[in-house]
Ligand SMILES: Cc1ncc(C[n+]2csc(CCOP(=O)(O)OP(=O)(O)O)c2C)c(N)n1
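Protein chains in written order, with the numbering used here: chain A, 6 to 595; chain B, 372 to 564.
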């Protein structure tokens with residue numbers, strides 16, 4: 006049977022068909038749908054972990070126990086998982102082990118565009134790079150086989166367009182693979198220096214065997230074509246190249262690490278010139294050149310940003326392969342639509358309080374709440390990586406001499422991911438900053454995956470809800486306050502007092518997300534326009550349901566209205582209106 | 372089998388992704404190779420959405436090359452203006468007349484351009500601007516622009532409406548099948564079919 010699948014759905018399907026028994030992940034665009042789809046296959050146990058390191062570690066455990074295991078994450082997640090991954094390379098696997106990295110060239114929804122093919126070389130592990138959904142599914146099968154045959158973790162690297170792009174995939178049945186069970190093997194599984202030193206040679210030996218394997222592996226194939234210029238490419242770049250030059254001779258590398266150097270040498274010999282077409286880093290190009298083989302690449306193609314058919318076309322034009330470039334220009338005739346907080350978002354209340362309390366510096370973190378860095382709040386001052394807000398604030402305090410007025414804001418999923426250690430740092434090193442957990446009890450940014458605050462897990466079963474207050478007290482934070490950001494005055498008073506206090510405090514601002522796990526349903530509000538004085542105070546909470554009308558008051562101020570269709574009834578704006586203009590819908594027609 | 376590049380544009384929440392799913396599935400069933408892509412993530416928080424659907428004998432890249440769209444279906448009129456450059460000089464442009472003002476205008480920093488429809492027609496006199504605003508009122512459901520657009524698209528291919536409706540009925544929630552069937556027909560009639 007054939008169906009349309011995204012690359013992420015195809016990875017999940019591949020996990021199913023090729024006997025995977027366990028999968029773990031931490032959400033992150035563009036990787037999130039991999040685990041979401043795996044959770045639909047009852048044959049695979051799966052779980053959202055608190056971060057990518059833990060996801061990788063549990064998947065490693067599953068592999069050690071002899072089951073085929075997979076973990077998935079976005080590119081920056083591999084940085085978090087790098088510690089176990091680098092040593093797993095030495096240890097090897099028992100059941101096949103695949104780590105999927107979904108990279109984000111062009112940074113559609115990421116803080117950097119690191120090229121994770123480098124991790125394969127860094128960790129000395131095989132790399133598979135599918136070009137479309139069919140390959141994404143098939144490569145999971147190859148990945149498990151290679152992993153077991155060579156006793157190595159395997160990295161499958163996707164990019165935004167292979168993850169989210171859809172294509173036609175032929176489905177197959179599941180092949181069960183027996184779980185072999187764990188057998189103690191001290192020299193393999195215990196990475197003590199004395200063992201690791203020996204395993205280091207095992208890795209070297211393995212790379213040698215892999216280098217022989219890639220020369221014959223069918224994933225690295227030559228597509229004959231016309232002309233005296235040849236091309237070497239992989240991943241998404243392959244499909245763009247095929248689109249622009251359907252008849253070109255191509256060496257397509259489905260397994261680009263380790264490189265099949267003999268194959269490349271023989272390929273290059275046949276042409277006047279060979280061009281490497283690869284997105285982001287010159288990963289293939291540099292390695293090929295290091296073997297003394299003459300190829301071209303980054304002199305024609307950008308190292309920055311995402312490839313598209315036009316980027317590839319224009320590179321080929323530069324290289325003299327094509328006579329015409331794509332000169333279509335973007336003309337800005339429309340105004341931007343920057344992302345905004347949802348109407349009634351619980352993050353609004355806490356940022357309004359921080360703004361009103363005149364926080365001097367607000368270090369930030371990653372999540373929906375990072376929107377506080379842009380209009381209308383413009384109050385968040387930093388954003389580095391998940392969990393960085395707390396450490397950044399502490400460092401600022403140490404250099405500036407005082408923690409007064411310095412706040413760190415972090416979401417619940419991010420706090421659990423890598424903020425808890427920051428909190429420990431704050432207590433241990435006697436910080437006096439104010440830490441705010443803006444807790445909407447879900448991972449909203451990536452589409453509402455449950456976390457330890459949600460009350461259920463990836464498979465929908467009920468589970469414990471972690472209590473941040475108890476946790477903080479156990480760590481040794483003496484001033485912990487739980488506030489409801491909807492209660493504006495209480496929240497403001499506590500935020501102001503704690504910002505000015507000479508001690509460390511943790512404010513847990515708790516109210517559910519308006520979208521996840523389900524849309525909130527509350528009585529909505531409307532504006533009795535006659536009463537509006539145009540003071541515009543309600544507009545300061547940054548709710549997109551509140552908009553400026555064309556109507557003016559006698560004094561010439563624009564009146565403000567609520568788009569009732571958008572309103573979610575949070576009740577923030579009504580607390581700011583002193584003129585009885587904002588009212589619950591039930592009062593309409595009074 | 373002629374290849375076609377279909378670009379769908381609009382604003383988060385208008386059902387663009389579902390529309391492109393339905394189209395892709397339809398073309399797959401009638402024997403085309405299909406690829407499609409869009410970017411998820413930040414774009415969904417009230418932002419710009421664009422989805423590329425490519426069909427043909429064999430499709431490689433899931434992205435439409437700039438300036439190479441054969442058909443653009445735009446769910447919001449300012450978005451039509453934004454994406455005009457993506458369409459071939461002889462490409463087909465179908466635009467909704469619906470206006471969705473981004474919240475950023477409340478900051479006073481930007482204004483929603485006034486003469487959007489005139490600007491579209493000035494540049495592309497052959498663009499079709501459909502009165503979707505009235506159609507939505509008539510249908511009593513403001514969430515069906517996507518299926519109206521599928522109706523409009525269906526007039527550009529020779530397949531029977533029933534074949535399209537088959538896929539649409541499977542894809543939309545049971546409760547709203549009827550209104551979506553009406554929306555599909557509306558899309559066809561707006562195109563004069
Ligand atoms: C290492 C890493 N993993 C994953 C992500 C993707 N990501 C960005 S924010 C976020 C979580 C946001 O959840 P939370 O902190 O609860 O804030 P919310 O979006 O719910 O407001 C995730 C998973 C990332 N940027 N970096």
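Heads up, the beta-carbon is just placed ideally off N, CA and C, and yes, glycines get one too. These figures come from a predicted structure and were not determined experimentally.
Item, Value
"If you draw a straight line from the C-alpha of residue 578 of chain A to the C-alpha of residue 11 of chain A, how long is it?", "41 Å"
"Among the candidates A/202, A/301, A/294, A/206, whose CA atom is the shortest distance from the CA of residue 235 of chain A?", "A/301"
"Three Cβ pairs or more, each shorter than 8 Å: is that satisfied between the segment 465 to 475 of chain A and the segment 49 to 65 of chain A?", "no"
"Thinking C-beta only, is residue 169 of chain A closer than 8 Å to residue 119 of chain A?", "no"
"Have a look at B/434, B/555, B/532 and flag the residue whose alpha-carbon is nearest the alpha-carbon of residue 401 of chain B.", "B/532"
"State the Cα-Cα distance for the pair residue 166 of chain A and residue 408 of chain A, rounded to the nearest angstrom.", "44 Å"
"If I measure Cβ to Cβ from residue 589 of chain A and keep anything under 7 Å in the same chain, skipping five residues before and after, which residues do I get?", "528, 530"
"What does residue 478 of chain B reach in chain A if we use C-beta pairs closer than 8 Å?", "380, 381"
"Check residue 432 of chain A in the structure and name its three-state DSSP category.", "helix"
"Does DSSP put residue 516 of chain A in a helix, in a strand, or in coil?", "coil"
"Hey, would you say the C-beta of residue 418 of chain A is under 7 Å away from at least one heavy atom of ligand 1?", "yes"
"Less than 8 Å between the C-beta atoms of residue 443 of chain B and residue 521 of chain B, yes or no?", "no"
"Quick one: Cα of residue 391 of chain A to Cα of residue 370 of chain A, how far?", "6 Å"
"Following a CB-centred definition, is residue 81 of chain A positioned closer than 7 Å to any heavy atom of ligand 1?", "yes"
"Between residue 359 of chain A and residue 384 of chain A, is the Cβ-Cβ spacing less than 8 Å?", "yes"
"Taking beta-carbon pairs under 7 Å, can you tell me which members of the segment 106 to 125 of chain A lie near chain B?", "113, 114"
"How about residue 485 of chain B: is its C-beta nearer than 8 Å to some C-beta of chain A?", "no"
"Using only the alpha-carbon positions, how far apart do residue 308 of chain A and residue 287 of chain A sit?", "7 Å"
"How should residue 352 of chain A be labelled, buried or exposed, when 16 other C-beta atoms within 10 angstroms of its C-beta is the threshold for buried?", "buried"
"Does any CB atom of chain B fall closer than 8 Å to the CB of residue 31 of chain A?", "no"
"Could you run through the segment 395 to 410 of chain B and flag, in chain order, every residue whose CB is less than 7 Å away from some CB of chain A?", "395, 396, 399, 404, 405, 406, 407, 408, 409, 410"
"Could you check how far apart the C-beta atoms of residue 158 of chain A and residue 220 of chain A are, in whole angstroms? I think they sit under 8 Å.", "At roughly 22 Å, the Cβ-Cβ gap does not stay under 8 Å, so residue 158 of chain A and residue 220 of chain A are not in contact."
"Using 10 angstroms around the beta-carbon of residue 433 of chain A, count the other beta-carbons present and answer buried if the total reaches 16, otherwise exposed.", "exposed"
"How far does the beta strand (DSSP E) with residue 524 of chain A in it reach, from first residue to last?", "Looking at the DSSP string, residue 524 of chain A is not in any beta strand (DSSP E), and its letter there is neither H nor E."
"Which residues does DSSP pair with residue 443 of chain B in a beta bridge?", "B/378, B/464"
"Shortest alpha-carbon distance to residue 381 of chain B belongs to which of B/438, B/441, B/451?", "B/451"
"Relative to the C-alpha of residue 461 of chain B, which residue among B/497, B/424, B/554 is closest?", "B/497"
"Please compile the residues from chain B whose C-beta is within a distance smaller than 8 Å of the C-beta of residue 318 of chain A.", "436"
"In chain order, what residues of the segment 323 to 336 of chain A put their CB closer than 8 Å to some CB of chain B?", "331, 333, 334, 335, 336"
"So, with DSSP's three-state summary, where would you put residue 538 of chain A?", "coil"
"Which residues mark the beginning and the end of the alpha helix (DSSP H) in which residue 69 of chain A is found?", "57 to 69"
"Apart from the five residues on each side of it in sequence, which residues of its chain come closer than 6 Å, Cβ to Cβ, to residue 317 of chain A?", "245, 246, 249"
"From the DSSP output, read off the bridge partner residues of residue 76 of chain A.", "A/29, A/104"
"Short of 9 Å Cβ to Cβ, which residues in the segment 170 to 190 of chain A face chain B?", "170, 171, 172, 173"
"For a contact meaning CB atoms closer than 8 Å, what does residue 418 of chain B contact in chain A?", "342, 343, 344"
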